[in-house]
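Peer 1: Take numbering that gives the first Met the number 0: the last position of the sequence shown gets the number 137, and nothing is skipped along the way.
Note that the Cβ used here is the ideal one computed from N, Cα and C, for glycine as well.
Keep in mind it's a predicted model, so treat the numbers as computed, not measured.
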Amino acid sequence: MEDRENLLNWIKEHKKELIIAGASIGALALLILGIKHEAEIKVLWNSLRKLTQKSPEVLADQFVQTIAEIPSTSVKENVAAIVLDSNHIPFEVSEHIRNLPNGWHASPEKIAEALEHGITLMDGQTLVDAYMKWGAAA
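1. I need the straight-line Cα distance from L43 to G33, nearest angstrom please.
2. Looking only at C-alpha atoms, which of S23, I18, Y130 and E112 sits nearest to F90?
3. Spatial neighbours of S93 within its chain, please: C-beta separation below 8 Å, excluding the five flanking residues on both sides.
4. Counting C-beta neighbours from all protein chains within 10 Å, is the total for T125 16 or more, i.e. buried, or is it exposed?
5. Counting along the chain, where does the alpha helix (DSSP H) carrying N101 start and finish?
6. From E1 to K132, what distance separates their C-alpha atoms?
7. Straight-line CA distance for I110 to G117?
8. Any idea which residues DSSP pairs P89 with across the strands?
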């Protein structure tokens, strides 16, 4: 038990040196791997450079072409209404039940639609259709 405490104390006393040694070993390993795989890294770097050189208009055109291939017109309309932004990515929110604020009620149309799907809405709930939404890109 005393040996363990001595080891822990030694680690605490030499924390800075151990961090520097670990970072140095990691950097050395990356350097060796970089030299060993230089050709593959250059190919990857060049492909990334070509990708980032495309103008936002070209990327927007490619995105619109992809959306045009989606069969659902409601999805197309929702996506077409969204302003393209490189900091956000689109994703679909599936159909779901939403709890409404106090005193609000679902429309008769939504109650009937829910029943068609085998869903019984409780008082103060409604059925929300699937839609596209933009989320922040990480």
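Peer 2: Well, looking at it:
1. Each residue's alpha carbon lies about 12 Å from the other.
2. Distances from the alpha-carbon of F90 to those of S23, I18, Y130 and E112 put Y130 closest.
3. Cβ neighbours of S93 within its own chain (closer than 8 Å, five residues either side excluded): A129.
4. The residue is buried, with at least 16 neighbouring Cβ atoms inside 10 Å.
5. That residue, N101, is in no alpha helix (DSSP H); it is neither H nor E in DSSP.
6. Each residue's Cα considered, the two are about 59 Å apart.
7. Distance between the alpha carbons of I110 and G117 is about 11 Å.
8. In DSSP, P89 forms a bridge with W133.
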